[in-house]
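Enquirer: This is the structure, below, for whatever I ask next.
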Amino acid sequence: MPRPSFICPACQHTSHHPADVEYGYCGRCQRYTRAEAAAARALAGLAAARAHAASAIEWPNDSSDRAPQ
Ligand SMILES: [Zn+2]
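Its first residue numbered 41, the sequence shown is counted upward by one per residue in the working numbering.
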C-alpha cells in the first residue's frame, strides 16, 4: 500500500509526513496550502454573497413605500 504524499502546488516539493499530507503543509514554502485554498474559496463565496446582497437591495426607491393595489 503506497504511503500518501503531498505535493506542494507552489514549488512541487513532495512530503510523505502524515501531518503535511493532512494539512497540505509545505515545509519548503512553510505554507498551509490546504488552509489557503479553503480560505480562498471562503473569500470567493463571501464576495459572491456580497455581490448578490448588493444587487438585491438595488431596487428603485419609489417602489418600496407604494401601497399595494
Ligand atoms: Zn512549497
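Quick reminder that beta carbons are idealized off the backbone N, C-alpha and C, glycines included.
So, C66 versus H53, is the Cβ gap smaller than 8 angstroms?
Expert: Taking the sequence shown and counting its residues from 1, the one referred to as residue 66 is at position 26. Taking the sequence shown and counting its residues from 1, the one referred to as residue 53 is at position 13. Yes. Within cutoff.
Enquirer: Please report the straight-line C-alpha distance between E62 and T73, rounded to a whole angstrom.
Expert: Reading the sequence shown from its first residue, position 22 is the one you call residue 62. Reading the sequence shown from its first residue, position 33 is the one you call residue 73. If you take the alpha carbons of E62 and T73, they lie about 11 angstroms apart.
Enquirer: Pick out whichever of C51, P49, D60 and A50 has its Cα sitting closest to the Cα of R43.
Expert: By one-based count along the sequence shown, residue 43 stands at place 3. Among C51, P49, D60 and A50, the Cα nearest to that of R43 is on D60.
Enquirer: Please tell me whether, using a cut-off of 7 angstroms, the distance from the CB of A50 to the nearest non-hydrogen atom of ligand 1 is below it.
Expert: Counting from one through the sequence shown, the residue named residue 50 turns up at place 10. Yes, ligand 1 has a heavy atom inside 7 angstroms of this Cβ.
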